[in-house]
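Please read the structure below before turning to the comments.
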Amino acid sequence: MMSEHKTYSNRKTRDLVIMAVFMAIIFIQSWVPTLGYISFGAISLTFIHVTVIIATLWLGTKNGMIIGGVWGITAMIIAYLRGTPFERLVFTNPLISVLPRLLMPLILGLIASYLFKKGVGDKLVGMVGGVLGSLLNTLFVLSAVGLFAGNQFIGTIEGAQMSDLWSIIGGIIVANGIPEAIFAGILTPLILVALKKAIRR
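No gaps in the numbering here: position 29 of the sequence shown is 29 in the UniProt record's numbering, and each next residue is one more.
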């Protein structure tokens, strides 16, 4: 009985340490922009969400949502402190900066849990989770912008009308969301499998 309690306590301590590391990574990626994205020519791909995806697939839905919430709150603070006028107007709204970052790990975690229970391996779950989590993040954030700050968003695009809102958002999802999803689908399983192997040692 004592041995079981000690094992549980050690596991909880380990999980808390891992959570703290993920939070630190989110803070660093958020505050140092060059660590949160990678550029390929004219395309700039965000990969902060990969940290949330990996946390969700590794530590479960609840912990993934905590990490996602930390990212959203950090993004909101950064928008307030050093954002452009548009970012300060839009991304200080928690419905845009925080809510999508909670919904993504919630849905991803439920799907990943189902896949793991069906015996799907870490590599395939990581690949599917990377693609799905990335697309969900892009979809939720841009949809929130359209729903809660559509006028402000359209106002930043010369010659655009409100009737163009969702077609423009759809174009952004295709142009940025798909490359980011492919990138996340490649990166996530590599990191997830490596981390799980390292922790088992």
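Ideal Cβ positions, reconstructed from N, Cα and C, are used throughout, including at glycine. Since this is a predicted model, take the numbers as computed values, not measurements.
Residue nearest to residue i in terms of C-alpha spacing, selected from the options
{"i": "ILE178", "options": "PHE153, LEU132, LYS12 and ILE191", "result": "LEU132"}
{"i": "MET104", "options": "PHE86, THR56 and PHE148", "result": "THR56"}
{"i": "TRP71", "options": "PRO94, GLU87 and THR84", "result": "PRO94"}
{"i": "ILE26", "options": "LYS12, ILE53, PHE116 and ASN176", "result": "ILE53"}
{"i": "ILE173", "options": "THR138, THR156 and GLY185", "result": "THR138"}
{"i": "residue 214", "options": "ILE18, VAL128, GLY146 and LEU106", "result": "Residue 214 cannot be examined here, being either before or after the span of the chain that is shown, 1 to 201."}
{"i": "ASN176", "options": "LEU35, LYS196, PHE47 and MET23", "result": "PHE47"}
{"i": "ALA198", "options": "ALA160, LYS12, SER9 and ILE18", "result": "ILE18"}
{"i": "PRO85", "options": "THR156, LYS118, ILE111 and ILE169", "result": "THR156"}
{"i": "LEU110", "options": "ARG82, MET65 and LEU81", "result": "MET65"}
{"i": "MET107", "options": "SER9, GLY68 and ALA24", "result": "The residue you asked about is not Met; residue 107 is Ile in the sequence shown. Considering only alpha carbons, the answer is GLY68."}
Residues near residue i in its chain [Cβ-Cβ closer than 6 Å; skip 5 each side]
{"i": "ALA42", "result": "Model confidence at ALA42 stands at a pLDDT of 46, short of 50, so the residue's coordinates are unreliable; what they give is reported in the following sentence. If we look at ALA42 and ignore the five residues flanking it on each side, it has no Cβ neighbours."}
{"i": "ALA181", "result": "VAL131, SER134 and LEU135"}
{"i": "ALA149", "result": "VAL90"}
{"i": "LYS12", "result": "none"}
{"i": "MET23", "result": "VAL70"}
Beta-carbon contacts of residue i that lie in its chain and below 8 Å, excluding the five residues immediately before and after
{"i": "SER113", "result": "GLY60 and THR61"}
{"i": "PHE116", "result": "VAL125"}
{"i": "GLU158", "result": "none"}
{"i": "GLN161", "result": "ILE154"}
{"i": "LYS196", "result": "TRP58 and ASP122"}
{"i": "GLY146", "result": "PHE153, LEU165, TRP166 and ILE169"}
{"i": "GLY83", "result": "PHE91 and THR92"}
Buried versus exposed call for residue i [16 or more other C-beta atoms within 10 Å across all chains shown]
{"i": "VAL21", "result": "exposed"}
{"i": "LEU187", "result": "buried"}
{"i": "GLY126", "result": "buried"}
{"i": "VAL32", "result": "exposed"}
{"i": "ALA79", "result": "buried"}
{"i": "VAL50", "result": "buried"}
{"i": "ASN151", "result": "exposed"}
{"i": "ILE28", "result": "exposed"}
{"i": "LEU16", "result": "exposed"}
{"i": "LEU35", "result": "exposed"}
{"i": "GLY170", "result": "exposed"}
{"i": "ASN63", "result": "buried"}
Same chain, Cβ closer than 7 Å to residue i, neighbours up to 5 away in sequence not counted
{"i": "ALA75", "result": "SER30, PHE91 and SER97"}
{"i": "GLU87", "result": "ALA79"}
For the stretch 157-165 against the stretch 92-99, do three or more pairs of beta-carbon atoms, one drawn from each stretch, fall closer than 8 Å, so that the two count as touching?
Between the stretch 157-165 and the stretch 92-99, the count of Cβ pairs shorter than 8 Å is below three; the stretches do not touch.
Taking three-plus beta-carbon pairs below 8 Å as touching, is the stretch 141-151 in contact with the stretch 188-198?
no
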